[in-house]
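J.:
Residue numbers (the working numbering): 1276 to 2400.
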């Protein structure tokens, strides 16, 4: 231990030589037995200096992050060390100081996300032991449940607080979890452990807060009791996120009564004696608002009797808070944030309550709507001094928070976005009264501007350095501008019925004149920073309702503003307007017809069916083509806006990017933000090949700026969009060979210098260039050898997706590097095995890698490794099947399906999937398909391309069967049922607006709902979404993903119809479909003509009688068989 303590101390030395020596020594000791136990002892020993204990804890946390996700066989942490950590981490968390506890908590969170509850089922049981038992009366002795001294009481309260903190830390992942059988089963076991202790702590802390808190003189004890109450309320919300637990439903009365009482509690001296206590008290009330809202949103029936009281309580509290907070500048940022959060949650609760018709509806009472609008909603739409201060401190945050378009406003946490949501929900049932109130108030506000003698008086001023003049320039916002801006925001709230991310506002309320309001109340007042931003926001929100000429006129005017003394917020909004307006997609006629006003604000769903589906199989073809197959058409054609775009890029954006490269002491907010590279990237993407000449001019500047960002990184968002811009230059350049001389040196330099933060970007851009490579390049030969080196795969996890992306490009272009790749196929499969052993990658990235290997490389290159591959995947599938991980198993099925399609028809019978499985174990193929594949097809979520691939693969397997008669019969029956379900499920084509939570309710297409009630195959619109692995959403993996380089032209993770045809007909010299193989020729011809019903017929024709006899009791299948005959 002493040696490790000395090394930990030395690792904090100011001498870099000592630090390097200590790190190397510690790395060597990592693999020695007892190292983890020693670290735990160091962390917990009180006679060791605190900073060394902290360093030891940080080292152990980083060790866990490096090795926990990897199997021991591939360099990960061994089972013994994992068990040591799991058995000690809870006790260490409870017994260490806060500075160490935070690191232990981070480590606990990291492990629990991956292992709890499947691989760590006793975690919560060990934690709740620190809460009071069933026999403990927490409310005895006037709420002071301990007879001992004050220190003992504080110690116990701290113990309870730490315990609840741990529980919240572990269960937080369920806050955003989608309800599924897997999640509900996990929560069922969790609720059995947590509910009773959590309820006991809530009752104790809430009663202390309501009755006994003034009697507690000790400030620390008060704060601890408030913290316990807050944690209990937060756990209440988490445990309700997927479904209402029976435990809480049975006790809804005590919970709701306590919630109402706490909301009515006055935060007066004697009860709250410090700002910290006030902040905690406000946070408790905010969380209670959120708790009430989840009942109002999802569990209306048990909540119905509490709706009126909830509305009354929230209205009274918000009226008071809004009045007190009006134009008040809070010196304490934490207190200001808590007040804003309370108002925000309160507004959202009112909106939620308004969206339901309650049995005792308080909204129908006289004066209720008037009070809500005039006393709460209207004040919340005005920018106050706290809001305006952000302009001077961080103008980018002001733009994002208050002046972004309506889609993102609704995702914001500002009180204005909450007010917008509240007004929209109030309009659901009370639009007539609400519109009358808001219309009168808007007119009143606009009229008051001209009558206000102090309207032009400044209420906020700030200075910015102006590069055009070289001096500082003073800007101001007047009272009348704030009033006019609030009026415009209220008009937006009143006008919008629904909107989409793509088209902006899609539905307006009746009688709204969008252009007329702009001309009368906005256009003539755009002579100040705030009103110019307001005008541009208005244009972005209603972009689909301005004609092309009006939109271009406003953009031209905003371009002219840039030649004047514009402020940072104006410049940012102008850049936002250009990228949002010009890149707006044209709405197709089918979408237009489906989004016409239907009288209820929701429109009608577009038809998801195609004609004669059952006869032609046309929907199957539509479904397999997947998303992104339609050509992108812009509302404003690039040919009409080229001149304006050229002026914007050449005269504004390019010079600004040059200034960002030059640096200097007086750089503006704009040159340090991501707005410049993002706007350039989107404008060049919008122009496509029309912008290729611009790209040739811009590339040297972009490369210089990228070099500076790599050498001296500051703003991660700026760097990210800079690489996105570089990706567009690579993709749309008219002279790729010339571009290489600029781009390749910096990309290769990043790899050579091992610049971890930028390696993922470099790999993706190299892949993008490789996608368009037409001739062999020795540099890429060396690069491939570097890519399959195990060392690079064991580096930072953020690098691995970029490696896989670049490897995929090599596989696609394998004809250029045949000698190099074909001689390293074994190493490629070894890297896949590493990905499969890594918990972060095993459910998504590893299978993306495998799919690209078997999909793009020639079958003969990897056929000899199929037995080892099958053995590996089957071993993993046993584990996934045991824990019910259907999505990952279906990825195995997808990979096997691609292999089946790739194998040449009628050739290499030893490489047939069924024979490969039977080589491992006699009869294994039948067991695998009947026990794993077919059942999981019914349970998993299938993307359209995956569904089509499995459909074709199963038919090809049946066509090539070599089983004996008995085994063949059982396999054919199961295969027919699965193919039948796949065929019928895809009759619902994949609409872009189809929600992930929806599933196919009637796969047969019948209207009576009788067909195969629970045997349907659910579908999702986005195959890249991983519903099973929340780890994939972590910052360090996804932050480095480039949109311009992340997807290939097909945008499909599985082969589409055209590619499958190519695979089946051109499998290499002397292979493929032969003239003598009539069935193979017919098989391919059916796919070519999209005759999928006929394809099923020719495949199952010899077995239809047996199939009909087996499914004699299923009328739907009988009808289907009849159609085949």
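Backbone N, C-alpha and C fix where the C-beta goes; we use that ideal spot for every residue, glycine too.
Please read these numbers as outputs of a predicted model, since none were measured by experiment.
1. So, for residue 1564: in the same chain, excluding its five sequence neighbours on each side, which residues have a beta-carbon less than 6 Å away from its beta-carbon?
2. With 16 as the cutoff for other CB atoms within 10 Å, does residue 2157 come out buried or exposed?
3. Where are the alpha helix (DSSP H) runs, 4 residues long or more, that stay fully inside the region 1781 to 1815, in chain order?
4. Out of curiosity, what's the CA-to-CA distance linking residue 2056 and residue 1450?
5. Identify the continuous beta strand (DSSP E) that holds residue 1914 and give its terminal residues.
6. State yes or no: is the C-beta of residue 2161 nearer than 7 Å to some heavy atom of the ligand PLP?
7. Over what stretch of residues does the beta strand (DSSP E) that includes residue 1751 continue unbroken?
8. Would you mind reading off the limits of the beta strand (DSSP E) that contains residue 1738?
9. For a test of the three-state rule: what should DSSP assign to residue 1860, helix, strand or coil?
10. On the three-state DSSP scale, how would you describe residue 2132?
11. Compute the Euclidean distance between the alpha carbons of residue 1310 and residue 1298, then round it to the nearest angstrom.
12. Can you give the beta carbon distance from residue 2192 to residue 2145, rounded, assuming they're within the 8 Å contact cut?
13. Give me the Cα-Cα distance between residue 2385 and residue 2397, rounded to the nearest whole angstrom.
14. Which two residues bound the contiguous alpha helix (DSSP H) that contains residue 2315?
15. What's the gap between the Cα of residue 1742 and the Cα of residue 1945?
16. Rounded to whole angstroms, what is the Cα-Cα separation between residue 1251 and residue 1552?
17. Would you mind working out which of 2005, 2069, 2022, 2023 sits nearest residue 2048, comparing C-alpha positions?
18. Mind checking residue 1282: buried by the 16 CB within 10 Å criterion, or exposed?
19. Please classify residue 1441: is it buried, with 16 or more other beta-carbons within 10 angstroms of its beta-carbon, or exposed?
20. Roughly how many angstroms separate the alpha carbons of residue 1293 and residue 1279, rounded to a whole number?
21. To the nearest angstrom, how far is it from the Cα of residue 2014 to the Cα of residue 1975?
22. How is the alpha helix (DSSP H) around residue 2090 delimited, first residue to last?
23. Which one of 1392, 1737, 1481 has the shortest CA to CA distance from residue 1448?
24. Put residue 2069 into one of helix, strand or coil per three-state DSSP.
25. Determine the extent of the alpha helix (DSSP H) in which residue 1590 is found, giving its start and end residues.
26. So the candidates are 1859, 2233, 2216, 2184; which of them puts its Cα closest to the Cα of residue 2165?
27. On the three-pair Cβ rule with 8 Å, is the region 1317 to 1324 touching the region 1366 to 1375?
28. What does DSSP give as the partner residues of residue 1345 in its beta bridges?
29. Measuring alpha carbon to alpha carbon, tell me which of 1328, 1359, 1325 ends up nearest residue 1339.
30. Can residue 2173 and residue 2120 be called in contact, C-beta distance under 8 Å?
31. My guess is that residue 1505 and residue 1558 are in contact by the Cβ rule of under 8 Å, so how many angstroms apart are they, rounded?
32. Can you tell me which of 2171, 1629, 2223, 2368 puts its alpha carbon nearest to the alpha carbon of residue 2327?
33. Only counting the same chain, and skipping five residues up and downstream in sequence, which positions put a Cβ closer than 6 Å to that of residue 2109?
34. Taking the C-alpha atoms as reference points, what is the distance between residue 1612 and residue 1733?
35. Residues in the same chain with beta-carbon distance under 7 Å from residue 2062, minus the five sequence neighbours each way, listed in chain order, please.
36. Can you name, in chain order, every residue of its own chain whose Cβ lies under 7 Å from the Cβ of residue 1957, other than the five neighbours on each side?
T.: The relevant details are as follows:
1. 1620, 1621, 1624
2. exposed
3. 1789 to 1796
4. 47 Å
5. Counting along the chain, residue 1914 falls outside any beta strand (DSSP E), though it belongs to the alpha helix (DSSP H) covering 1913 to 1922.
6. For the ligand PLP, the structure offers nothing, since it holds no ligand at all.
7. 1746 to 1753
8. 1733 to 1741
9. strand
10. coil
11. 14 Å
12. 6 Å
13. 14 Å
14. Run containing residue 2315: none; DSSP gives neither H nor E here.
15. 11 Å
16. In this structure the chain extends from 1276 to 2400, so residue 1251 is not present and cannot be described.
17. 2005
18. buried
19. buried
20. 14 Å
21. 9 Å
22. No alpha helix (DSSP H) contains residue 2090, which DSSP labels as neither H nor E.
23. 1392
24. coil
25. 1582 to 1600
26. 2216
27. yes
28. 2113
29. 1359
30. no
31. 6 Å
32. 2223
33. 1349, 2068
34. 26 Å
35. 2078, 2081, 2082
36. 1854, 1858
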